[in-house]
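Undergrad:
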Amino acid sequence: MLDQSQVALNAVEQRLALLEVSGVKTPETTEPAASEPAPSPEIILEQAPVAAPELIWELPPELEPITAAAAEASRPPPADAWKPEPVAREPQQPTAPRGPNFIERAISGARNWLFGGNTVLRVGVVLLFLG
1 MLDQSQVALN
11 AVEQRLALLE
21 VSGVKTPETT
31 EPAASEPAPS
41 PEIILEQAPV
51 AAPELIWELP
61 PELEPITAAA
71 AEASRPPPAD
81 AWKPEPVARE
91 PQQPTAPRGP
101 NFIERAISGA
111 RNWLFGGNTV
121 LRVGVVLLFL
131 G
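Numbering-wise (the UniProt record's numbering), the sequence shown opens with residue 1 and increments by one.
1) Please tell me whether R105 and W113 are closer than 8 Å, where the distance is taken between their beta carbons.
2) Between S108 and P100, is the Cβ-Cβ spacing less than 8 Å?
3) Quick check: the Cα distance between L16 and D3, rounded to an integer number of angstroms?
Quick look at the structure:
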């Protein structure tokens with residue numbers, strides 16, 4: 001079915017190309033008699049020569065190359081135009097070291113209390129409260 005329609009389409013394209021080249025006007029079609037079978041069109045395998053359009057080699061004025069005078073007028077900016085200027089920074093004061101946080105101070109205080117002075121008495125007091 002697809003091959004048949006492709007062949008028919010090619011035949012119509014060839015007939016149209018022949019009519020366009022020859023400049024013949026198509027006759028008005030009248031309805032054929034129902035008793036007469038329509039003749040099958042002959043398939044022409046040759047392609048009609050199509051006149052190629054002539055090429056234009058000139059560029060439009062807006063696409064013409066830039067002249068030398070215009071090239072000299074637009075010089076590139078210097079390479080260091082976009083570099084930032086060095087900023088003089090003031091020397092910063094060294095920050096003070098951080099002291100111990102709350103948990104570290106609590107652990108240090110408990111250790112000093114437990115192991116400072118009379119250790120045996122302090123361990124006994126801790127065991128008295130725990131037991």
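The beta carbon of each residue, even a glycine, is placed where N, CA and C say it ideally should be. All of these numbers come straight from a predicted model, not from anything done at the bench.
TA: According to the data block:
1) Sequence index remark: in the sequence shown, residue 105 carries index 105 (1-based). Sequence index remark: in the sequence shown, residue 113 carries index 113 (1-based). No; because the gap between Cβ atoms is not below 8 Å, this pair is not in contact.
2) Position 108 of the sequence shown, counted from the first residue, corresponds to residue 108. Position 100 of the sequence shown, counted from the first residue, corresponds to residue 100. Taking 8 Å as the Cβ cut-off, S108 and P100 qualify as a contacting pair.
3) Within the sequence shown, residue 16 is the residue found at index 16, counting from 1. Within the sequence shown, residue 3 is the residue found at index 3, counting from 1. If you take the alpha carbons of L16 and D3, they lie about 20 Å apart.
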